Amino acid sequence: MMTDYSNTDPGMLQFVNQFYAAPQVGFAAVGLDNARAMLDAFPDMVDLPAVEIGEVRDIEVTGADGPLKARLYVPANVKPNSPALIFYHGGGWVMGGLDSHDRPCRRICAVGDIVVLAVDYRLAPEHAFPAAVDDAVAAFHWACENADKLGIDKTKLAVGGDSAGGNIAASIALSLRGDVRGEPAFQLLIYPALQAFGKTQSHERFGQGYALDKADMNFFITSYAGENANTSKDARLWPLLADDFKNAPPAYIITAGQDPLQDDGIQYASQLEKSGINATHKHYPSMTHGFCSMTALSPDALQALEDAARYVGAVLRA
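Every letter in the sequence shown is one number past the one before it in numbering that gives the first Met the number 0, and letter 43, counting from 1, is 42.
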């Protein structure tokens with residue numbers, strides 16, 4: 000299908016043009032090691048400098064198969080029993096880490112006035128599905144068990160993430176419903192991947208030419224969950240396959256209008272609303288996938304991330 004950039008944000012179009020000007024286009028084409036290096040280099044290219052906050056501390060949390068690196072972000076003038084967000088980074092389940100998403104985590108902490116705990120879950124293909132989800136669950140339970148040490152209120156503990164991290168956050172938001180050890184109070188999903196690739200109109204319409212191409216999406220999901228991932232019926236992998244959405248935590252969902260994943264977030268918000276769950280859906284028609292980490296390219300991208308942070312902070316403090 001032909002690309003149409005007539006409604007594309009100028010900053011996003013600048014990024015798209017640079018993306019396709021590379022000698023080898025896309026993450027799949029350059030290979031895993033180079034793809035990881037590309038994502039790690041993105042913040043200095045497209046994101047505003049890191050904001051100052053009260054404290055940033057590298058710690059360890061308990062994962063499903065041993066300790067995991069994590070990073071704790073504490074706002075200035077933090078009060079005891081602070082609300083908090085556990086953040087799972089994007090990167091197609093195969094890339095990214097604490098440094099690639101340091102800047103958005105800092106900004107969410109500062110603007111939302113909440114503690115943020117970023118978790119460096121195990122990546123595929125070295126650790127295939129469900130390792131990342133298992134780590135996310137274990138880290139959530141660890142945070143609940145160590146709430147006093149962290150200075151947070153475990154009853155006001157949200158989960159969130161962007162792209163693949165949004166997939167993980169939604170997965171555990173649903174799977175931990177009613178868990179006596181603790182369950183998420185809220186879910187912040189930023190252009191999440193929530194169903195098998197190739198199943199929606201937006202997968203087809205925006206699957207080429209918008210810096211998240213079909214080849215890359217297939218590379219990500221097969222690296223994470225194998226060649227049969229797109230036919231899997233496991234709701235831990237594809238949260239939109241859940242039997243029901245009753246008693247899910249309320250949500251703030253961001254979608255981009257020029258993103259193959261936009262229908263995923265739209266449909267998830269609809270499913271929550273049908274189940275009586277408060278789902279605030281913010282759609283940004285001129286934006287492409289990843290825009291909340293491209294705040295240097297567009298003031299609207301910065302506004303979107305800060306609006307989300309304010310909303311989450313206000314809801315958790317209510």
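A virtual CB, placed ideally from N, CA and C, is assigned to each residue, including glycine.
Fair warning: this is a prediction, and the values are worked out from it, not measured in the lab.
Residue range of the unbroken alpha helix (DSSP H) whose run includes residue i
{"i": "E203", "result": "200-204"}
{"i": "S222", "result": "213-224"}
{"i": "Q302", "result": "298-316"}
{"i": "L12", "result": "9-20"}
{"i": "V114", "result": "It is not in any alpha helix (DSSP H) - V114 instead sits in the beta strand (DSSP E) that spans 114-118."}
{"i": "A109", "result": "101-111"}
{"i": "M94", "result": "It is not in any alpha helix (DSSP H) - M94 carries neither H nor E in the DSSP assignment."}
{"i": "P42", "result": "31-45"}
Limits of the beta strand (DSSP E) - the one that residue i falls within
{"i": "S81", "result": "81-87"}
{"i": "K148", "result": "Taken as a continuous stretch (DSSP letters only), K148 belongs to no beta strand (DSSP E), being part of the alpha helix (DSSP H) at 146-149."}
{"i": "Y356", "result": "Any property of residue 356 remains undetermined from this structure, which presents the chain solely from 0 to 317."}
{"i": "I58", "result": "54-62"}
Contact set for residue i: own chain, Cβ-Cβ below 7 Å, skip 5 residues either direction
{"i": "Q186", "result": "A157, V158, G159, A168, A169, A172, P248, A250"}
{"i": "D39", "result": "D98, S99"}
{"i": "W141", "result": "V60, T61"}
Chain-order list of residues whose beta-carbon lies under 6 Å from that of residue i (same chain, five-residue window excluded)
{"i": "A63", "result": "D133, D134, A137"}
{"i": "P42", "result": "R102"}
{"i": "N246", "result": "R176"}
{"i": "Y223", "result": "W92, A123, F128"}
{"i": "V115", "result": "Y72, L84, F86, C104, I107, C108"}
{"i": "G164", "result": "Y87, H88, G89"}
{"i": "L260", "result": "Y190, A192"}
{"i": "D215", "result": "G25, F26, A27"}
{"i": "A234", "result": "L240, A241"}
Chain D within 8 Å of residue i, Cβ atoms only
{"i": "P82", "result": "Looking at the structure shown, chain D is missing, and only one protein chain is on hand."}
Neighbourhood of residue i by C-beta, 8 Å cutoff - its chain only, sequence neighbours within 5 removed
{"i": "A228", "result": "F128, A195, I220, T221, L236"}
{"i": "L175", "result": "V136, F139, G181, E182, P183"}
{"i": "D152", "result": "N80, S81, P82, A83, A146"}
{"i": "K281", "result": "Y251, I252, I253, T254, A303, D306, A307"}
{"i": "V311", "result": "L84, I107, G111, I113, A157, G159, F185, L187, Y251"}
{"i": "F244", "result": "L173, Q270, L271, K273, S274, I276"}
Rounded distance between the beta-carbons of residue j and residue i, thought under 8 Å
{"i": "K232", "j": "L240", "result": "6 Å"}
{"i": "V73", "j": "A308", "result": "15 Å between Cβ atoms; not a contact."}
{"i": "V15", "j": "A210", "result": "5 Å"}
{"i": "T287", "j": "D258", "result": "6 Å"}
{"i": "L207", "j": "K213", "result": "According to the sequence as given, residue 207 is Gln; it is not Leu. About 6 Å separates the two Cβ atoms, so the contact holds."}
{"i": "I52", "j": "A75", "result": "6 Å"}
*Of all the alpha helix (DSSP H) runs that stay within the bounds of the segment 234-293, which reach a length of 4 or more residues?*
Whole alpha helix (DSSP H) segments, 4+ residues: 261-273.
*Mind listing, in chain order, the continuous alpha helix (DSSP H) runs of no fewer than 4 residues lying wholly within the segment 151-201?*
Taking only runs of at least 4 residues, the alpha helix (DSSP H) segments lying wholly in the segment 151-201 are 163-174.
*Report yes or no: do three or more beta-carbon pairs, one from the segment 282-296 and one from the segment 5-12, lie closer than 8 Å?*
Three or more Cβ pairs closer than 8 Å define a contact, and the segment 282-296 meets that threshold against the segment 5-12.
*How about the segment 61-81 and the segment 18-26: do they share at least three Cβ pairs that are nearer than 8 Å?*
The segment 61-81 is not in contact with the segment 18-26.
*Counting pairs of Cβ atoms below 8 Å between the segment 175-192 and the segment 263-274, do you hit three or more?*
Flag = yes, the segment 175-192 and the segment 263-274 touch.
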